[in-house]
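Enquirer:
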């Protein structure tokens, strides 16, 4: 748990970081929702605020006055316990509340939370605040990737930021790292913050394996494309091949072929493809197909966790071959917070590491991110194993 004396600063820094991510936006950018996976920036600002109001202020601050009773319906995400909500697909249809009103809402709740934290020393409260802070940090990453999708699907391909770098070049040579067979301990093992899906320390047996010290680069992935990887069904899962052909995909998300050259839309706008940068915005299906083409495979999440001290990570979320399942002895919390992770443990693949969009103080070696196998709008990449 975060030290009590630091929790207020941690809370305020987190709230400020969310708002800073929105500084480059125009008012029109706040309400766009190109696909159901992407939420409008205005909704993220409201939802992360509603979380503190619904789960903390309404319970712990005596005589707390809700900012607007309708906001629970607008900004609830998927919490059945809390009540009805706007369908996820309809979040972009809401011109009201206005951006100005949502910012007023954020200011109000931040001030009320500050007052509460200055008066209370309850461990139960601080534990909930810590969850709320990390919940907002999750949405900071979603906010940035959603902004990129909104701008990257605008035919003008506008620049989000001149300074936000996402493509650091790979500057070390490739090696295969060997890990011996054995019984290893998996799961979060300290008293620092983690989500409940990381708990349940347990043993796994691993056969001997090798794992790449590097992620796959754009240059590597271009070889797969030029070899006809998107046209050869033998490298793909059947469901992946159906998805590929139905959507007529030929390249990673945000790649553009212009005048016989590849370009990539980035947060800095449209740029020539950086050959030495790590490939990103790749689905699990594409990661699997590339691995098959290379005669390799993706690591399991357990192989990744055991080997991670031997390589650098943090540029891309890394697809694993592991299904998102509960660890042994996993227990879902009661009430609304029990809906946070457990009910999604089906039809998802685990990703490990973090990405250039992951905010400060949020990455850790046991973090189990998860998405469906077709998801591409996050900063996802590929690490091979064999």
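In this note's numbering, the protein residues as written are 31 to 416. For every residue, glycine included, the Cβ atom is placed at its ideal position computed from N, Cα and C. Bear in mind that the values here come from a model prediction, so they are computed numbers and not experimental data.
Measure the beta-carbon distance from residue 182 to residue 295 and round it to whole angstroms, keeping in mind my assumption that it falls under 8 Å.
Expert: Locating residue 182 in the chain shown gives position 152, where the first residue counts as 1. Locating residue 295 in the chain shown gives position 265, where the first residue counts as 1. Right, their Cβ atoms sit about 5 Å apart.
Enquirer: Since residue 177 and residue 55 should fall inside the 8 Å C-beta cutoff, what is the C-beta to C-beta distance between them, to a whole number of angstroms?
Expert: One-based indexing of the chain shown puts residue 177 at position 147. One-based indexing of the chain shown puts residue 55 at position 25. Indeed, because the Cβ distance is near 7 Å, the residues count as touching under 8 Å.
Enquirer: DSSP puts residue 302 in a beta bridge; with which residues?
Expert: By 1-based counting over the chain shown, the position of residue 302 is 272. Bridge partners of residue 302: 293.
Enquirer: Expressed to the nearest angstrom, what Euclidean distance is found between the alpha-carbon atoms of residue 31 and residue 223?
Expert: Taking the chain shown and counting its residues from 1, the one referred to as residue 31 is at position 1. Taking the chain shown and counting its residues from 1, the one referred to as residue 223 is at position 193. With a pLDDT of 44 at residue 31, under the threshold of 50, the predicted position of this residue should be treated as unreliable, and no value is reported.
Enquirer: Within its chain, find whatever has a CB closer than 7 Å to the CB of residue 215; leave out the 5 residues flanking it on each side and keep chain order.
Expert: Residue 215 sits at position 185 when you count from the first residue of the chain shown. Counting only Cβ-Cβ distances below 7 Å, and skipping sequence neighbours, we find 231, 233.
Enquirer: According to the neighbour-count rule (16 or more other Cβ atoms, all chains shown, within 10 Å of its Cβ), is residue 65 buried or exposed?
Expert: Walking along the chain shown from the start, residue 65 turns up at place 35. Answer is exposed; the Cβ neighbour count stays below 16.
Enquirer: Within the same chain, show all residues whose beta-carbon is closer than 6 Å to that of residue 243, passing over the 5 residues directly before and after it, in chain order.
Expert: As a position in the chain shown, residue 243 is number 213, starting the count at 1. Contacts found: 205, 207, 341.
Enquirer: Hey, is the stretch 322-337 in contact with the stretch 286-304, meaning 3+ C-beta pairs nearer than 8 Å?
Expert: Verdict: no, contact absent.
Enquirer: For residue 240, does the three-state DSSP call read helix, strand or coil?
Expert: Indexing the chain shown from 1 puts residue 240 at position 210. It is a strand residue.
Enquirer: Does the Cβ of residue 51 have 16 or more other Cβ atoms within 10 Å, making it buried, or fewer, making it exposed?
Expert: Working through the chain shown from its first residue, we reach residue 51 at position 21. Buried: at least 16 other Cβ atoms inside 10 Å.
Enquirer: One question on the structure: do residue 414 and residue 399 come within less than 8 Å of each other, judged by their Cβ atoms?
Expert: Position 384 of the chain shown, counted from the start, is the residue given in the question as residue 414. Position 369 of the chain shown, counted from the start, is the residue given in the question as residue 399. Their beta carbons are not under 8 Å apart, which means residue 414 does not touch residue 399 by this criterion.
Enquirer: Between which two residues does the beta strand (DSSP E) carrying residue 348 extend?
Expert: Numbered from its first residue, the chain shown carries residue 348 at position 318. Start and end: 347-353.
Enquirer: Report the CB separation of residue 86 from residue 159 in whole angstroms; it is logged as a contact under 8 Å.
Expert: Looking up residue 86 in the chain shown gives position 56. Looking up residue 159 in the chain shown gives position 129. Going by Cβ atoms, the distance from residue 86 to residue 159 rounds to 6 Å, so yes, they are a contact pair.
Enquirer: Within its chain, find whatever has a CB closer than 6 Å to the CB of residue 82; leave out the 5 residues flanking it on each side and keep chain order.
Expert: Translated into positions along the chain shown, residue 82 becomes position 52. Excluding residues within five positions, the ones whose Cβ falls inside 6 Å are 139, 143, 162.
Enquirer: How about residue 47 and residue 358: do their beta carbons lie closer than 8 Å?
Expert: Position 17 of the chain shown holds residue 47. Position 328 of the chain shown holds residue 358. Not a contact, by the Cβ cut-off of 8 Å.
Enquirer: Rounded to whole angstroms, how far is the Cβ of residue 378 from the Cβ of residue 397, which I believe are closer than 8 Å?
Expert: One-based indexing of the chain shown puts residue 378 at position 348. One-based indexing of the chain shown puts residue 397 at position 367. Contact doesn't hold; Cβ gap of about 14 Å is too wide.
Enquirer: Let's test the definition: count the other Cβ atoms within 10 Å of the Cβ of residue 49 and tell me whether it reaches 16, buried, or not, exposed.
Expert: Position 19 of the chain shown, counted from the first residue, corresponds to residue 49. Exposed.
Enquirer: Hey, how far is the Cα of residue 153 from the Cα of residue 39?
Expert: Mapped onto the chain shown, residue 153 falls at position 123. Mapped onto the chain shown, residue 39 falls at position 9. Taking the straight line from one Cα to the other gives about 17 Å.
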